[in-house]
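Numbering (my numbering) for the sequence shown: 2 to 55.
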Amino acid sequence: MLIALGILMLVAWMLAKFVWNVASFGIHLLLIVGAIAFVWHFLKGRVGRGGTPG
2 MLIALGILML
12 VAWMLAKFVW
22 NVASFGIHLL
32 LIVGAIAFVW
42 HFLKGRVGRG
52 GTPG
């Protein structure tokens, strides 16, 4: 009984760790994509308006 409970806890912990890593990766991916989009819009705006910041 105790061994089965231990295995169950281990499986649950591994699953939670996997889900957390995937979620963390997704959040980092969103942040990176957002940063790239921000820089892209900034550069496009500068080039599009003759080099004036805005």
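All C-beta atoms, glycine included, are put in the ideal place defined by N, C-alpha and C.
Just so we're clear, the structure is a prediction, and the values are computed from it rather than from any experiment.
In its chain, beyond the 5 residues on either side, no residue has a beta carbon closer than 8 angstroms to the beta carbon of Ala38. The C-alpha of Gly7 is placed about 20 angstroms away from the C-alpha of Val20. Straight-line measurement puts the Cα of Val23 at about 18 angstroms from the Cα of Gly35.
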